[in-house]
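Every letter in the sequence shown is one number past the one before it in our numbering, and letter 12, counting from 1, is 42.
Glycine is no exception: its CB is placed at the ideal position from the N, C-alpha and C atoms.
Here is the structure we will look at, set down as structure tokens.
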Amino acid sequence: MRFSLLPLLFLAACGSDDPYTQGGSLNAIDYVPATQSWLQFGPAEAPADGPFLMIEVSDASWELRQGPEWTDATSEEQLPVTSDDGLSVAGALLLPAEITEGAEQDGVTVLTLGDEQVYYGTFTMAVRTSVASGRFAGEWAFAPTVGPIALTVDGQVWELVYYE
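Structure below.
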């Protein structure tokens, strides 16, 4: 009797080391935006209408800008960013080091993992957090390699409308 190994090889090829699909956990570093990228957010109630909040990502900081377009936006401030024990911006933790539903660290709780829809579109493997206090108090959502796709700054909720 002869058996084919082809079905077994196919199943092995379909396997994944991705912790998200294997029920494991992801880390905050998976959700840090790439250096030299920029993200543009509109107010959650009317994202396309502006004015816009923009973030330019560098090695160790995010520059916040506000205005009608990137070229006309006023630079508001440089916020230091660290990702050695979660993702912190200006000293405020936004994303715990380990990403599992229900995880808590320093006033930040992971609410959900999965698909997240914002004005720009739907992102898979997204994480939604709740920040308990401070300037960034409220809900935040992050997509792998993109970074924040929904955020709260000074009580205003913003949704991603463009990124590069």
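Under the rule that 16 or more other beta-carbon atoms within 10 Å means buried, what is residue 182, buried or exposed?
To locate residue 182, count along the sequence shown from 1; it is residue 152. Buried, by the Cβ-count rule.
To the nearest angstrom, how far is the alpha carbon of residue 106 from that of residue 83?
The sequence position of residue 106 within the sequence shown is 76, counting from 1. The sequence position of residue 83 within the sequence shown is 53, counting from 1. If you take the alpha carbons of residue 106 and residue 83, they lie about 10 Å apart.
Proximity winner among 134, 122, 146, 187, relative to residue 164 (alpha-carbon distances)
Within the sequence shown, residue 164 is the residue found at index 134, counting from 1. The residue with the shortest Cα to Cα distance from residue 164 is 122.
Does DSSP put residue 102 in a helix, in a strand, or in coil?
As a position in the sequence shown, residue 102 is number 72, starting the count at 1. Reduced to three states, the DSSP call for residue 102 is coil.
Would you kindly report the start and end of the unbroken beta strand (DSSP E) that includes residue 152?
Within the sequence shown, the letter at position 122 stands for residue 152. That run of the beta strand (DSSP E) goes 151-161.
Using CA atoms only, rank isn't needed, just tell me which of 73, 63, 101, 112 is closest to residue 185.
Reading the sequence shown from its first residue, position 155 is the one you call residue 185. Of the candidates 73, 63, 101, 112, the one whose C-alpha sits nearest the C-alpha of residue 185 is 73.
With a 10 Å radius around its C-beta and 16 neighbouring C-beta atoms as the bar for buried, classify residue 58 as buried or exposed.
In the sequence shown, counting from the first residue as 1, residue 58 sits at position 28. Its Cβ being crowded by 16 or more others within 10 Å, residue 58 is buried.
Can you name the residues that DSSP bridges to residue 180?
In the sequence shown, counting from the first residue as 1, residue 180 sits at position 150. Residue 180 is bridged to 171, 189.
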